[in-house]
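First residue of the sequence shown? That's 609 in this note's numbering, and the numbers climb one at a time after it. Note that beta-carbon positions come from the ideal geometry of N, C-alpha and C, so glycine has one too. In this text the structure is predicted, and so the values were computed from the model without any measurement. Take a look at the structure set out below.
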Amino acid sequence: MLISLDFKGFRQFKALHLEPLSRVNLIAGRNNTGKTAILEGLMLLFGDGQINQLPSIFRSAVGSSRDDFDSYWRWLTYQKSPTELMGVEARDDKKRSYVVSRAENSQQPSESLVLEYALVHSQRESWSATITATAGMAFSQGSTKMPRAVSFATRSLTPVESTWKYNQIAAKKGGRQKLTELLRRIEPRLQELQYLKLGDNALVYADVGLTDLIPAHQLGQGFVRLMQIYAEVLLAEAKIVLIDEIENGIDYHALSELWQGLQAIAAQNDVQIFATTHSYECIRSASEVFATTAEDDLAVHRLEFDGKQEVRVVTIREDVLGSALEIELEVR
609 MLISLDFKGF RQFKALHLEP LSRVNLIAGR NNTGKTAILE GLMLLFGDGQ
659 INQLPSIFRS AVGSSRDDFD SYWRWLTYQK SPTELMGVEA RDDKKRSYVV
709 SRAENSQQPS ESLVLEYALV HSQRESWSAT ITATAGMAFS QGSTKMPRAV
759 SFATRSLTPV ESTWKYNQIA AKKGGRQKLT ELLRRIEPRL QELQYLKLGD
809 NALVYADVGL TDLIPAHQLG QGFVRLMQIY AEVLLAEAKI VLIDEIENGI
859 DYHALSELWQ GLQAIAAQND VQIFATTHSY ECIRSASEVF ATTAEDDLAV
909 HRLEFDGKQE VRVVTIREDV LGSALEIELE VR
């Protein structure tokens, strides 16, 4: 599990240090303080094959490689500086460091960005990635020891997209049973899930004890969102889950179910979660759910501007979060 993060010259962070990290980390703060940038930094470091899609994962991409290079990749560096050092470093509880940084090479063509990756433990492994305005990204051979991250943007999957994900899980030995067991924690009536084509499109149907099976997407946004997250985590065997605007599309009354489900998958699958939020209700709901366990598995990291208009972070651990909410301290 990651225990700390450092951002230097990345996005709007001249220097930002997050520590301690918990099993579940909520990133809060006002607009433009860099909540999504933290997810992007983690995705850049651990995203593996998804890094090419980084311009469009959490933001609206322009579309072409050249336009994305000019409007996105150049802006990874603090204030778009051509000389500023840029890097993201993560450290875990096994004393390993994972680093991505911009290569210090003044001879780089102006239409390319070269990133250097390193895994440092008993020995150092290194590799690189080159992003060009015309051909996107090309990797040299990376390390298989890097934990994998999976990302979720604000948009939920459509019922048809969810069905496709479900089919991928069902094709894995024991996958359907594991997904059903996880979802049963937030929908106790759930007996099984089935793939059926009763109309133009095949859908996932749920047996919840009614006379007929019900389309799974009729069980609410909380259920569908969790089914998507569970399926992606199980498919990718990811250890890091990144969720932007986690409360988006989720009714307030379903937030408790959402957090109960995330708590279950984090504990059962040794997954670490980083999620952004604007919602006071989302933070309160998370606090109430995690307060019922003996583990200290939740932290809120609130980003804010200091007197010099640089971003700093205030970390609120689970053991004091409930008290902070009771006296109405600003935690968003």
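The C-beta of K643 has 16 or more other C-beta atoms within 10 Å across all chains shown, which makes the residue buried.
Around the beta-carbon of N809, fewer than 16 other beta-carbon atoms lie within 10 Å, marking it exposed.
Bounds of the alpha helix (DSSP H) holding T644 are K643 to F654. Per DSSP, Q880 is one residue of the beta strand (DSSP E) stretching across Q880 to T884.
Going by beta carbons, L629 and W681 fall outside the 8 Å limit. Shown here, L727 sits in a strand according to DSSP, grouped into three states.
Considering only A902, V849, S864 and V812, the residue with the shortest C-alpha distance to E855 is S864.
Judged by their CB atoms, E769 and T788 are not nearer to each other than the 8 Å cut-off. Here Y860 is near E889, since their CB atoms are less than 8 Å apart. In this structure the region 842–852 touches the region 765–779; the number of beta carbon pairs closer than 8 Å is three or more.
CA-to-CA, the gap between L693 and Q871 works out to about 37 Å.
Within the region 805–862, the complete beta strand (DSSP E) runs of at least 3 residues fall at 811–815 and 848–851. E789 carries a helical assignment under DSSP once its states are collapsed to helix, strand and coil. The DSSP-derived three-state label of K622 is strand. CA-to-CA, the gap between F760 and A814 works out to about 23 Å. In terms of Cβ geometry, V919 and F666 do not form a close pair [threshold 8 Å]. As a beta-bridge residue in DSSP terms, K616 pairs with A623 and G695. When rounded, the separation of the alpha-carbon atoms in V816 and L791 is 12 Å. Contact between R910 and V922 is confirmed by a C-beta separation of about 5 Å, below the 8 Å threshold.
For S895, the enclosing alpha helix (DSSP H) begins and ends at Y888 to F898. Note: E912 is bridge-paired with R920 in the DSSP secondary-structure output.
Per DSSP, the beta bridge partners of G637 are L911. Taking 8 Å as the cut-off, the Cβ atoms of L834 and I794 count as close. About 20 Å separates the beta carbons of A757 and A746, which is beyond the 8 Å limit, so they are not a contact pair.
With respect to L765, V696 sits apart: the two C-beta atoms are not nearer than 8 Å. Beta-bridge partners assigned by DSSP to W735: Y725. In chain order, A757 place their CB closer than 6 Å to the CB of G655, counting only its own chain and leaving out the 5 sequence neighbours on each side. Look at the beta carbons and you see the region 722–737 touching the region 700–710: at least three pairs across the two are nearer than 8 Å. Each residue's CA atom was taken as its position, placing G782 and D820 some 25 Å apart. In this structure, the straight-line span from the alpha carbon of T884 to that of L806 is close to 38 Å. In the structure shown, S770 falls within a helical segment according to DSSP collapsed to helix, strand and coil.
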